[in-house]
Ligand code: MG
């Protein structure tokens, strides 16, 4: 009897081990079925010049495939949240927050990306806790904040300290430098995905390196970030502008660049309301309406959503339809595939 029990146990243990091994094999899964191992036809990685790292005295140079958002020369990539000119200033080749001027945002929208940004909090330090060197790097145009704060010998609540995903995740460690010293964030952003009914399909994720040290490791956000509240997700486009917070402190930024990840796509811009509204109306053979940052083209009863590639050029992501607006003579030229179309006057 005892032998039978031992045998049964041995069989059970053996079966469980085999199942565990099988499960592990399944979990690992095939890495990629499209290519053979060491496939000679597999495309080579694109060659990229890595650029030059910054020093305290000198900002570095972005990698060759990065979109430079600020290199000390121009504020052209930035505007106010409403699309008007930003009141932030270029001071000694740094993008500086002017207290009371509101957030600064990028004109261009970004989805999955790698962002490099450097910041310096005011020296000498003024105020304490959340009142010292407060700003923030926002994804989703003001929805999700990686906190910027002077956290050098400045105590505040953990999930509001420098490098926190505000009100959600404190940084793993505090690697803050002294006020006035240049610091860096290297951030990987995975935007949320929403279903057509507005429900959340996958939550956004953030990985953050502060001064080269990992402080957020692929954390999954639980909603929009905010003070005193944990707001739920609200559906928005995958690509949205990046924004920098005006929290009343003259925090400075430099050497800002972004690399878009994922499938290469056309650049998208989040244009001012006034520009988008100026295109809305009835044209000779079509209608233009608005949906958020995009336009809706109605042609022979078919509605096509158009995305801004520049202040005047729009494109569809579904069919090869493009529209070029001419604000001066109030016309639109809609081209479909090889058909270049002709300019149609606004009525
Ligand atoms: Mg902040």
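In the numbering used here, the protein residues as written are 105 to 451.
Note that the Cβ used here is the ideal one computed from N, Cα and C, for glycine as well.
Predicted model only: the values in this text are computed from it and were never measured.
{"Item": "Closest by C-alpha distance to residue 309, when choosing among 282, 342, 173", "Value": "342"}
{"Item": "Assigned exposure category for residue 322 - 16 Cβ within 10 Å defines buried", "Value": "exposed"}
{"Item": "Distance cut 7 Å, beta-carbon to the ligand MG heavy atom: residue list by chain order", "Value": "238, 239, 240, 249, 251, 252, 253, 270, 349, 351"}
{"Item": "Length at least 3, wholly inside the segment 201-281: the beta strand (DSSP E) runs in chain order", "Value": "208-214, 217-224, 239-243, 248-252"}
{"Item": "Boundaries of the alpha helix (DSSP H) in which residue 380 is found, first to last residue", "Value": "377-383"}
{"Item": "Cβ-Cβ separation, residue 250 to residue 289 (assumed contact under 8 Å), whole Å", "Value": "7 Å"}
{"Item": "Burial state of residue 294, where buried means 16 or more other Cβ atoms lie within 10 Å", "Value": "buried"}
{"Item": "Three-state class that DSSP yields for residue 374 in the structure shown", "Value": "coil"}
{"Item": "Contact set for residue 365: own chain, Cβ-Cβ below 7 Å, skip 5 residues either direction", "Value": "216, 217, 218"}
{"Item": "Three-pair Cβ contact test at 8 Å for the segment 388-408 versus the segment 192-207", "Value": "no"}
{"Item": "Selection from 227, 325, 223, 275 that minimises the alpha carbon distance to residue 48", "Value": "Because the chain is modelled from 105 through 451, residue 48 falls outside the range shown and cannot be assessed."}
{"Item": "Neighbourhood of residue 156 by C-beta, 8 Å cutoff - its chain only, sequence neighbours within 5 removed", "Value": "164, 165"}
{"Item": "Whole-number beta carbon distance between residue 372 and residue 234, since they are thought to touch under 8 Å", "Value": "Not a contact, Cβ separation roughly 33 Å."}
{"Item": "Per-residue burial, residue 225 [other beta carbons within 10 Å of its own, 16 or more giving buried]", "Value": "buried"}
{"Item": "Alpha carbon of residue 446 to alpha carbon of residue 162, nearest angstrom", "Value": "51 Å"}
{"Item": "CA-to-CA distance, residue 297 to residue 137, given in whole angstroms", "Value": "25 Å"}
{"Item": "Classification of residue 126 by the beta-carbon crowding that lies within 10 angstroms, buried from 16 upward", "Value": "Confidence at residue 126 is low in this model, with a pLDDT of 44, below 50, so the placement of that residue is unreliable and no value is reported for it."}
{"Item": "Candidates 240, 199, 245, 402: closest to residue 252 by CA position", "Value": "240"}
{"Item": "Of the residues 374, 311, 369, the one placed nearest residue 345, counting alpha carbons only", "Value": "374"}
{"Item": "Identity of the residue in 315, 301, 362 nearest residue 292 by Cα", "Value": "362"}
{"Item": "DSSP state of residue 105 mapped onto helix, strand, coil", "Value": "Confidence at residue 105 is low in this model, with a pLDDT of 46, below 50, so the placement of that residue should be treated as unreliable; the coordinate-derived value is given next. Residue state, collapsed to three classes: coil."}
{"Item": "Status (buried if at least 16 other CB within 10 Å, exposed otherwise) for residue 423", "Value": "exposed"}
{"Item": "C-beta atoms of residue 257 and residue 358 nearer than 8 Å", "Value": "no"}
{"Item": "Straight-line Cα distance separating residue 404 from residue 153", "Value": "48 Å"}
{"Item": "Pairwise C-alpha distance: residue 210 and residue 417", "Value": "18 Å"}
{"Item": "Which of helix, strand or coil DSSP assigns to residue 393", "Value": "strand"}
{"Item": "Opening and closing residue of the beta strand (DSSP E) in which residue 306 lies", "Value": "304-306"}
{"Item": "Beta-carbon proximity check, residue 246 vs residue 347, cutoff 8 Å", "Value": "yes"}
{"Item": "Continuous beta strand (DSSP E) assignments of at least 3 residues falling wholly in the segment 395-432", "Value": "398-403, 406-412, 417-419, 425-430"}
{"Item": "N-terminal and C-terminal residue of the beta strand (DSSP E) that residue 322 is part of", "Value": "317-324"}
{"Item": "Spatial neighbours of residue 129 in its chain, beta-carbon cut-off 6 Å, leaving aside the 5 residues before and after", "Value": "In this prediction, residue 129 scores a pLDDT of 44, lower than 50, which makes its location untrustworthy; the coordinate-derived value is nonetheless stated afterwards. If we look at residue 129 and ignore the five residues flanking it on each side, it has no Cβ neighbours."}
{"Item": "Residue 411 classed as buried or exposed, judged by whether at least 16 other C-beta atoms fall within 10 angstroms", "Value": "buried"}
{"Item": "Distance between beta carbons of residue 315 and residue 279, contact taken as under 8 Å", "Value": "5 Å"}
{"Item": "Reference residue 414, options 376, 408, 443, closest by Cα", "Value": "376"}
{"Item": "Straight-line Cα distance separating residue 300 from residue 420", "Value": "17 Å"}
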